[in-house]
Structure formats: C-alpha cells, structure tokens
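Novice: Residue numbers (my numbering): 158 to 1424.
Ideal Cβ placement from N, Cα and C applies to all residues, glycine included.
Below, the structure is given as structure tokens:
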C-alpha cells in the first residue's frame, strides 16, 4: 500500500463531556479532517469580485449616461427587485443540479452582463442591463451559503461565510485605490467608469469558466480529496451538520419549515438587518464625498473604514463559531452600527468631519457581520439539505429586497445628512435587535425546558445530527445558540491532554468529579480509570508485534484512524448523580424489543443428539425409555424428580441455616429459619462476609484437597478460602496478528455483498475502515473485550492465517462494535450477509466443524445483542438452527479433556491443542445455553434449550484456559481439581441436603451454574402456565420460594469467591492474582455483571417482566404491537401483585434497590463491565422501583400517597430509603411514598449510551415515564 494511503494514528478526541470516569469518548480521524478542511478552504472558498457602482458614479458615470436627480437611486432600486426575487429559484436549481454547474453558470452570465454595461449610452439602457444583471447576480450569495453547508460543520459556517463576505468588503475598500489608478487612464473613447466595468466583468467571466472545472458538486465528488478525506467529510457532516447527505430535491420537504411559527420571525430578522448593510455598501463613498472631499480622496478615504469592518467581521464570526453562540454576537454588531448611524444623524457632518468619519468606522464595523451570522444561525438549526436550500434562498432574497428601502430613502434632496435614510435604517436595526434577543432567549429557555423535562442536560451540538432527522420532535433536539464549553474546544482540550500524556487517548481531563468524601469527612482523590489501566498495562509483557504491543483497550489506537474503541459499548459506564451526561443518541434506529418467534416445529426432533450417555450413575434418570432418549431433549418430569430429589415439584425446600446478610434474606422469615434475624438486619452484607472470612485462619488447608462428598445437610463452610487462588496467575498471551493474506480473504468475502456506510453508499474495499491496521484493531478489541467477558475462542492457539474467512469476518465484526460508530455500522453491514455466506460454505453440514459452530454463535450473538431490530429478528429465526446443530454435535457431552503426560514436548503440544479444541466445543454449547437462558428469563422469550441438555463438565480454570504454551498448560492442568459435572453441581444448589456443593469452582463455572438455576426457573414457570391444576391452584408458583433460596445460596458462594480473591490479592499486591489480562479488572467486571444477573433473575421470580414493560408504556414487545387492552390487563396484574402483600412485591423491590445501589456505590467497578445483559438488568430494576412507588395507576405497594403528595427525591435518597428497611412492614410502608422521576431520568440518561436497539427502546420508555 502506498505510503500516502497509510492510515496514520488517530487522535482520540471526546465529542462529549466526560462522565465521572472520563470515558465517554468517540474516536475520529482528526488528521483526515484537518486535511479535508484545509483543502476545502483552499479550493472551494470563492474570491468574490463585486461591481462597485458607487466608485463609478464618482468618475463621470452620471454625466455620460445623463443621470439627473434621483436617477442613480432609482437605478439601484430597480436592480434590487430581481436581485431579491430570484434567490429562491436559483437555490432550488442549485440543490437539483449541484453548485458546480449553477454557481459557474451564474458567474459566467454575470461577467458577460458586467461587460455589457460599458457599452451603455443612456439611462434606459443602464436600467435594462442592471435589472438583467440582478437576475443572475441574485443567487450567488444564497447559493454560496447553502453550498458551503454541504462542506462545513455548524461550528465552521459563520467564519467561512465571514471570509466570503470579507472579500466583498475588501473589494469595496481597495476598489477606491484601483479606481484611482484606472481613472488616470485618459482615453477619449473609453471613460474611467467603463474601464472599471471591463476589468470587473472580465475577471468575473474568467472566474466562472474556472469554477466549472474547479468546483466539486459535494465532498464525495471532490477531485482534490482522497478516499480517507471523503470518508472523514461524510462522517463529520453527519455528526455536526445534517441528518442526511446527498439527498435529491424534494419540494415538499424543502417548504416544510415554512409552516413553523418561527418562520415569520426569521423573515423579520432577515428583512431588517440588511438595510444597514445596503446603506454601508452601496452608498458609503457618497457619504464620504459629502464630507467635502474630491473624487480621488473619496476613493482613498473609504479604504480604512472598510478594512476595519472586514477585520471586525472576521473576529466576531470566529468568536461566534468558537462559542457556538449567535444571538449576542449579532446584537453586538447591530448595536455598533446603530451607534454610528445615530452619530451621523445627530451631528453636523460638515462641521464635525472627524466625528462623522469615526461614525463611518462604526457603521462599517457593525453592518457587515449580521449577514454571516444570521444565515449561519438558521442553517445551524436546520438538519435537512432541502429545507436549508429553500430557506436560505428565501431569506437572502428577502434581505436583498430590504435594499429597496435604503435606495428609496437615499434621495438627493436629503444630502448631505440623509436623515430619512439614517432614521429608517436605525428603526430596522432596533426592530432586528429586539426580535433577535427574543428568539435567542426563547431558544435557550426551550433548551432548559427540555433538559428539565427529560432529566438530563444535553448541550447543543453534542448529539450527532444524523440522529435529529425528526427535527424539533426528537428528544435529543437542542437549539444551537448557547454560550457554553463548545465541542471543538472540548476536543482541543482532550488533544492537548493526549499530547502531554504521550499519545492519543492517554490524556484525561481532571475534574472535580474525581474526588469523593470519605466517611470521616476527608476528601479522597480517585485516580482516573484510564490512568490506572495504563499503569497496569505497563507491567504486562510486551506483545510480539509492535502493532499489538499493549493489551490495554487503548492499544487499538496504535493501528490508526479511523477506528479506536470507546470505553464500553454496552454498559452505562459512569453513573454520576449530580452531573447529567449528554444524551448521546445511539447509532441504531428504534424498533421492537424482541421479535417473538415460537419454537420452530421440529426443533426437538429425533436425531438432534444422543442422550444415552452415562453420567456417573445418573444415566438411569435421563434414559428411562427409548422415546425419551431420542425425542425429548427438553426437561421431563423424571428429570426434575432427580434434580429436586422429591416426589413432587411443589415440595418445600428442606430447612437449613444460611449466614446471609440482609440483602440476601428475601423477607421469608416464616419459611427460612434463622437463629437471630435481627442480628443480621443490624449488619450489612460486607460485615457478614468479613466475619465468615475469619474462619480462614482456623481452617485446615488440607480439607480442600479431596472432593467433598459429605451427604449431610449443607452449611456454609469457608475453610476452602485459604486454598490457593482459584484464579491462577498466567502470563499475558500475545494478541493474534493479522496478515495481508488474512485481510484479503475477508475483503473477498465482503466484496460479494459490500456493506453500506452511514451515508447509504457502498463501502469501498480501500476504505480506511477496512485497512489492515483497522482490522487489526477490531481483532484486538474482540480478544480484549468480548472474548474476555465471554471466553469462547482460545486465544493462544488462534491463528488468523489458518482461520476460515467467514469465522474471521465474524470475529472482526464483533470487535468492530467496540470501536467507532462508523466501524459499528460497517460491522452491521457485514453481518447482514455473513449468515448466508456461512450457510453456503462447503463445510456447513448437519455435523458441523467447530469453526462453523463458533461462527454461527458469534453471528447469532451479534444479531441479538449488538445490532438493530432487523438483525435481532433474523437472529431469533435462526437461533433454533444453531441449537439443532449443537445438539447434533458432541459439544453438550464433553465430560473429560486430555490430561498432560510426561512425554516429549511435541506430544504435550498436540495434547494441549486437543484439550483446548475440546474445551472450545464445550464452551460453544455453554455460551449458547447461557444466552438462550438470559433471553428467556430477562425478555420472556421462549426457552429453546434446557439445562438438562448440558451433560458436560464445567469449564476449566482460567489459568488452564489462558496458558500461553503447552508447558504452562500442563502445569496449570495438573493443579486443577477433577472435572465437575454441570448437572451434579446444579443439583447441589437446588437440593443441598442430597448433594454437597463443590468449593473449587472458577468464576465462569459459577456463572454457568447461575444460568442453570435460571433455566430451571424459566421452565418451571412455563409448566405452571401449561399445567392443569383445577384441584390444587394454590400450588401454582410454589417452587418460586425454593428457587429463590437456591439463588441466595449461589450468591453466598459467589460472594465468598470474590472475598477470597480480594484476600489473596491483599496478601500479594504485586501479583496478578486474578489471572487476567488487566489484573483484577476483568474479574471485577464479571463479578458485577453476575451480581446484576442474580438480582434480575430474582426479580423474574416475583414479577412478570412483560407486565412491567407493557404497563410502563412499551410500544412493541416480542415483535407484537402493544394494544390498550394489553396495557390495561398488565396494569391490573401489577396492581394485584402490588396489593397482594407477602414477599413477592417487597422482595422484588428490595432486590431492585440493591441492584441499583451496587451500580451507584460501585461506580468505579461498573466501568469494567462489558456484559451485554447489564443495562437491561438496570432497566428492569428501574421499572420495578417505579411500579412499587405508585407508577401503576398512582398506587404503590400499600396504597401509598396520591400522586401529588409523593415525596420528591433524588436517586441516592430513594435507594438509601429502600435498602435500609429492617422488616417487611418497613418496606411495605414505603410503597407509593416517593416520586421516582429522578430515578427514571437518571437511568434513561445512562441507557442512552448503549449501542443496542433494545436498550434504546427501553431508554425511550424511561424518558416518557420521566416526563
């Protein structure tokens, strides 16, 4: 690849105010954007050479064509009529045929007519030529203004218009000097004013010819831009100018805004401000001449005021763009010109020439500015190209017609003071000042109203304009006219910090949010997460390649523009309570929550798998007859008889003691005997765990050496915590390195169905998004983000060069979703055709290879949790196909993997690769099972895979999985405990009195067990809905209490695991005891995601998730539109649930509050979370609290207060109130007492950062509730 096409390192610049962790960032190609702006400034900005009638009049024009009296004013007045009426048609033609053709054509004819003026012999001829000239000169400023909106962002328009306008002002200033030289030409046949028209007309004609070959139609067709710069141009325009680009002319859309009530306001502004401009530009030499100077001195003395006016124009426009404020900059300029005109009107010009000349400076300094800022202002607040074309043409034309007022009042009898002209101009300025102030203040007030209504602060310009296609009806809409820290300034601050820190993305803006108050009142400074991660990454061994030298998330920046990862694409990241973050509109469009697809007929067909495998004596429970063995992979009754170890599924849980903290006690005092419940309610969960940790010193380290087979009733035994860490230390594996051959394989795949870019155009294969450095960054993101949270592919043995392009494309697509929005959109486009290419592959068969299952699982996960509604619906349709393929393989029945032996290194290496191949097959089935269970429990979708299908062992330890070499693997594998069967461990949590729970489970294994409990709960819930219980209706849901306590038992073991990890880390602070790539960070993220899943699963036991969503106002659920009948039925069900008493509603509210509490109090930990389910769990917890406090029909759990009498409180106070209740009665007393709008608005703000259509819809539901 040529050096000029090499993608340089991009600069990580945040376009959004940093959240509390300073990590809400997007990554843009700053080098390409800077290069693009420089080229457009050089190639596109036109040099305007305008005719100067005022100078012509001073050198004999009036004598040669016999001008008398007010003929000159009449000639100017008649010129303004076509000059004002033709702007709109020209702009519509420009939108239809592009600026290249229309602007060039206008300029050529304009130059020809200017040349024709020198041949005029009388007043009538001059009138005719000038009127025709007005037709073709009319559309230039309006057309150029709209044309520039196709190239520049909203923060650049004002200054660029000022540059264009300054050429006209400078032409007026220095035309006096030019005229002085031209007037020295003494030719009896050609007068001085004729030479001026010849020079100006010739230059204009020549410019028109050049423009036809020079100007581009739009950035995509610009001959002077590279592909990288064209991509940057489109991205920046969609980010900060338009909702769409390159649209066709649509007259209906063009005139749509004319119905808006603000349209007449803009008409008043655009008609009144140009009067002062016309007075200054057209008659400024005449005003100076009235001071008593000769012709030559008149031309010379007009230079200085116009030069000062041009300088002030550029300075004020630059300031306006920098602060993105228009109102007071426009008012400032109008006041300056108004002062100058008042001085001229109130003094004797001939007696006070110096003061009068100073007033000319004021007029020039203020009159030229509004024309730039007003048109930048209304274009800044218009997201549609068609509408901008029509409005700009009309408003500029209206301003040109205002010149008639100046010309009509500038009569010879009013000389030398021209009082009527000055009074009329002052009145127009005054009216414009009042209207501009009123409109600007209204815009700011409306922005604040929207912020208050939505419970979030959105600064103008922080939301991508492509998300504002609905205009003012969009919840993210804000008028751009507020004096604030502008995005460009914020970008520069980040760029400076990055440069000081030594590289892109490394600098952090320190803010007051980096401090917190400790319990003793002291202020503690918390290091920013990015710095902490940078320090951690420095301690890791370097990668084998410079292109993947760091495992830090920011390492992707080393591969250059335009893609680098944001901190997290799926978690609310930073939950700040007192500094609302901008509502960043996600990339995906809105759509249904879950396309509901019933299980496909035959999905449990025969031959989907063999079920006669012996499972350590359990086989008899799963193979009672041939029909069950071959036709029923789903749970049968005898499966549950074995699992629950009882004759009936409804039997109660055998009593046993659990040392649970108050957050683990589910208010089941009658059913869960505890020696002294009050003693637990007086302590928090951490104190209970610390008390449990004291057993470590008294425990026997040898107790953990053998499998625990004690059949006695299980109590909490924490002696195993003093054993070696369950998360062994492993060296950092190298990231896989992509080669050019691997890239070409992926490009050949993409070329078969090129994905569409954000602008709707096919992505070229030489796009920077598909360069080798960019693809390498996607690969790195996959292995450092996705594969860390969901360890599916074995990184040490993964070789991109030998990987099938379909699987490699699936990996890169998933990794790209953690990068920029442009990369995410590219990934969605690749995903849309990837499944078809997989199905057509020669290796796709009913008994597929491992890579086929891995690719299909990644495609399924992408469609469900990383894309929009269309992709989600397709993924749901093919989800059952994936499960059928897994059943036909042996992925669900891998119970043992090869053990290391003392053979040669070659044999060990082969054994290692075989063991990891089998482990990957096992993990394909486990991850498919976990994601299927999550969608069944959290989204109420049909359960397609049963826990009883998982006949395999639990995943191996993390140290064994992450071992970089065969020898390391042999070392770790030899230390691993014997494999634990999934179903045996699951039974230990459901029936602890019958089977002891193993203590040596790793984090992933415990998470798999939690999903097993969730799967059993979902299946039992379905059985309740389909079982006839005419005689025992009271037994419906009787299993929920038992499963709830199984959840709690799992939580106790999981918390003890976490505590053991912390204790080991405290004893060895310099070691990576988590055995992860980022120290304990990955484990922390998994821990927080698992805790959120536990509490959400507990919620699903007590309340119908669909009822919560429907009652809250969701428009579509499970692919079906919600009707009013559905909503009323759900509200009745929730009211019955709330008023029914007992532990159902109270326990659910408690768990929801605890989930939110952990999210807020563990803010720095949530930043690590990449789990897809986490934001949805927060949404369900928010809806539960909303319902508990009277969100359904205005009544809470116990009736509560009337809506107007509820206590208004913030998120923190509400959570504290709900999590500090000591009894059922205290919690019940809170029902309906609090206004939850603060909670709802805060959570809506956080969910807005997630790039997932399902969560985006959830955010909109919360926004509506907050209003």
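1) Would you call the segment 1079-1094 and the segment 1104-1116 touching, i.e. three or more CB-CB distances under 8 Å?
2) Can the beta-carbon of residue 1029 be found closer than 7 Å to that of residue 1021?
3) Between which two residues does the alpha helix (DSSP H) harbouring residue 935 extend?
4) Smallest Cα separation from residue 635: which of 1390, 1140, 617?
5) Please state if the CB of residue 964 and the CB of residue 999 are separated by a distance shorter than 7 Å.
6) Fully enclosed by the segment 268-346, which alpha helix (DSSP H) runs are 4 residues long or longer?
7) Whose C-beta lies closer than 7 Å to the C-beta of residue 294 among residues of the same chain, with five residues either side of it excluded?
8) Just to confirm, are residue 553 and residue 298 a CB contact at a threshold of 7 Å?
9) Which residue from 411, 526, 1269, 1049 puts its Cα closest to that of residue 253?
10) Assuming contact is defined by CB atoms lying nearer than 7 Å, are residue 323 and residue 471 in contact in what I supplied?
11) Where does residue 575 sit, in a helix, a strand or coil, going by DSSP?
12) Going straight from the alpha carbon of residue 236 to that of residue 522, what length do you get?
13) Tell me residue 1274's beta-bridge partners as DSSP assigns them.
14) Can you tell me the Cα-Cα spacing of residue 474 and residue 409, whole angstroms?
15) Under three-state DSSP, which class holds residue 1110?
16) Using the beta-carbon count (16 or more within 10 Å), is residue 951 buried or exposed?
17) If I'm right that residue 1338 touches residue 1303 with Cβ under 8 Å, what's the distance once you round it to whole angstroms?
18) Straight-line CA distance for residue 1037 to residue 1370?
19) Sort 1170, 984, 1135 by Cα distance to residue 1157 and report the nearest one.
20) Straight-line CA distance for residue 597 to residue 1176?
21) For residue 326, count neighbouring C-beta atoms within 10 Å of its own C-beta (all shown protein chains included) and say buried if the count is 16 or more, exposed if not.
22) Just curious, the alpha helix (DSSP H) that residue 897 is in, first and last residue?
23) Quick check: residue 542 and residue 391, are their CB atoms within less than 7 Å of each other?
24) Can you tell me the Cβ-Cβ gap for residue 386 and residue 193, rounded? I've got them flagged as a contact below 8 Å.
25) Counting beta carbon pairs with one atom in the segment 346-366 and one in the segment 504-518, are three or more of them shorter than 8 Å?
26) With H, G and I counted as helix, E and B as strand and the rest as coil, what does DSSP make of residue 1210?
27) Express the C-alpha separation of residue 246 and residue 976 in angstroms, rounding to a whole number.
28) Between the Cα of residue 1287 and the Cα atoms of 1139, 1263, 1390, 988, which residue gives the shortest distance?
29) Can you give me the start and stop residues for the alpha helix (DSSP H) that residue 493 sits inside?
30) Could you round the C-beta distance between residue 429 and residue 585 to whole angstroms and report it? I think they count as a contact, below 8 Å.
31) Taking the alpha-carbon positions, what's the residue 379 to residue 321 distance?
32) Check the C-beta distance from residue 187 over to residue 637 and give it rounded, since I have them as a contact under 8 Å.
33) Tell me which same chain residues have a C-beta within less than 8 Å of the C-beta of residue 1100, skipping the five on either side of it?
34) What are the partner residues of residue 1365, as DSSP defines its beta bridges?
35) Please state whether the Cβ-Cβ distance between residue 971 and residue 932 is less than 7 Å.
36) Determine whether the beta carbon atoms of residue 946 and residue 1327 lie at a separation below 7 Å.
Specialist: So, from the data block:
1) Contact holds: three or more Cβ-Cβ distances are below 8 Å.
2) For the purposes of this step, residue 1029 is taken as residue 872 along the chain shown, with counting starting at 1. For the purposes of this step, residue 1021 is taken as residue 864 along the chain shown, with counting starting at 1. Contact: yes.
3) For the purposes of this step, residue 935 is taken as the residue at position 778 of the chain shown. From DSSP, the alpha helix (DSSP H) with residue 935 extends over 929-938.
4) Mapped onto the chain shown, residue 635 falls at position 478. Looking at the Cα atoms, 617 is the closest of the given residues.
5) Within the chain shown, residue 999 is the residue found at index 842, counting from 1. Within the chain shown, residue 964 is the residue found at index 807, counting from 1. No; because the gap between Cβ atoms is not below 7 Å, this pair is not in contact.
6) Residue ranges of uninterrupted alpha helix (DSSP H) with 4 or more members, entirely inside the segment 268-346 and ordered along the chain, are 280-306, 314-339.
7) Position 137 of the chain shown, counted from the start, is the residue given in the question as residue 294. 240, 267.
8) Counting from 1 along the chain shown, the entry for residue 553 is found at position 396. Counting from 1 along the chain shown, the entry for residue 298 is found at position 141. Yes.
9) On the chain shown, residue 253 is found 96 positions in, with the first residue counted as 1. Ranking 411, 526, 1269, 1049 by Cα distance to residue 253 puts 411 first.
10) On the chain shown, residue 323 is found 166 positions in, with the first residue counted as 1. On the chain shown, residue 471 is found 314 positions in, with the first residue counted as 1. Going by C-beta atoms, residue 323 is nearer than 7 Å to residue 471.
11) The residue labelled residue 575 in the question sits at position 418 within the chain shown. Coil, per DSSP.
12) Taking the chain shown and counting its residues from 1, one reaches residue 236 at position 79. Taking the chain shown and counting its residues from 1, one reaches residue 522 at position 365. As the crow flies, the alpha-carbon of residue 236 is around 26 Å from that of residue 522.
13) Here residue 1274 refers to the residue found at position 1117 of the chain shown. Beta-bridge pairing links residue 1274 to 1277.
14) Sequence index remark: in the chain shown, residue 474 carries index 317 (1-based). Sequence index remark: in the chain shown, residue 409 carries index 252 (1-based). Here the alpha carbons of residue 409 and residue 474 stand approximately 33 Å from one another.
15) The residue given as residue 1110 occupies position 953 in the chain shown. The three-state secondary structure of residue 1110, taken from DSSP, is strand.
16) Reading the chain shown from its first residue, position 794 is the one you call residue 951. Buried, by the Cβ-count rule.
17) Locating residue 1338 in the chain shown gives position 1181, counting from the first residue. Locating residue 1303 in the chain shown gives position 1146, counting from the first residue. Contact doesn't hold; Cβ gap of about 15 Å is too wide.
18) Position 880 of the chain shown, counting from 1, holds the residue named residue 1037. Position 1213 of the chain shown, counting from 1, holds the residue named residue 1370. When rounded, the distance between both Cα atoms is 45 Å.
19) Mapped onto the chain shown, residue 1157 falls at position 1000. The residue with the shortest Cα to Cα distance from residue 1157 is 1135.
20) The count along the chain shown starts at 1 and reaches residue 597 at position 440. The count along the chain shown starts at 1 and reaches residue 1176 at position 1019. The straight-line gap from Cα to Cα measures roughly 59 Å.
21) Locating residue 326 in the chain shown gives position 169, counting from the first residue. Counting of Cβ neighbours within 10 angstroms places residue 326 among the buried residues, the total reaching 16 or more.
22) Working through the chain shown from its first residue, we reach residue 897 at position 740. For residue 897, the uninterrupted alpha helix (DSSP H) run begins and ends at 897-908, by DSSP.
23) Working through the chain shown from its first residue, we reach residue 542 at position 385. Working through the chain shown from its first residue, we reach residue 391 at position 234. No, they are not a contact pair.
24) Within the chain shown, numbered from 1, the residue matching residue 386 stands at position 229. Within the chain shown, numbered from 1, the residue matching residue 193 stands at position 36. Going by Cβ atoms, the distance from residue 386 to residue 193 rounds to 4 Å, so yes, they are a contact pair.
25) Taking one beta carbon from each stretch, the segment 504-518 and the segment 346-366 have fewer than 3 pairs nearer than 8 Å; the two do not touch.
26) Start at 1 with the first residue of the chain shown, and residue 1210 comes out as number 1053. Here residue 1210 sits in helix by DSSP.
27) As a working note, residue 976 is residue 819 in the chain shown. As a working note, residue 246 is residue 89 in the chain shown. About 44 Å.
28) On the chain shown, residue 1287 is found 1130 positions in, with the first residue counted as 1. Residue 1263 is the option with its Cα nearest to residue 1287.
29) On the chain shown, position 336 is the one that residue 493 refers to. In the DSSP assignment, residue 493 falls within the unbroken alpha helix (DSSP H) covering 484-503.
30) Residue 429 sits at position 272 when you count from the first residue of the chain shown. Residue 585 sits at position 428 when you count from the first residue of the chain shown. Contact flag correct, Cβ pair sits at about 4 Å.
31) Locating residue 379 in the chain shown gives position 222, counting from the first residue. Locating residue 321 in the chain shown gives position 164, counting from the first residue. Taking the straight line from one Cα to the other gives about 20 Å.
32) Translated into positions along the chain shown, residue 187 becomes position 30. Translated into positions along the chain shown, residue 637 becomes position 480. Incorrect: roughly 22 Å between the Cβ atoms, too far for contact.
33) As a working note, residue 1100 is residue 943 in the chain shown. So the qualifying residues of the chain are 1089, 1090, 1093, 1172, 1175, 1176, 1179.
34) Translated into the one-based positions of the chain shown, residue 1365 becomes position 1208. Residue 1365 is bridged to 1392.
35) Locating residue 971 in the chain shown gives position 814, where the first residue counts as 1. Locating residue 932 in the chain shown gives position 775, where the first residue counts as 1. Cβ distance not < 7 Å, so residue 971 and residue 932 don't count as in contact.
36) Start at 1 with the first residue of the chain shown, and residue 946 comes out as number 789. Start at 1 with the first residue of the chain shown, and residue 1327 comes out as number 1170. Against a cut-off of 7 Å, the Cβ pair of residue 1327 and residue 946 comes out as a contact.
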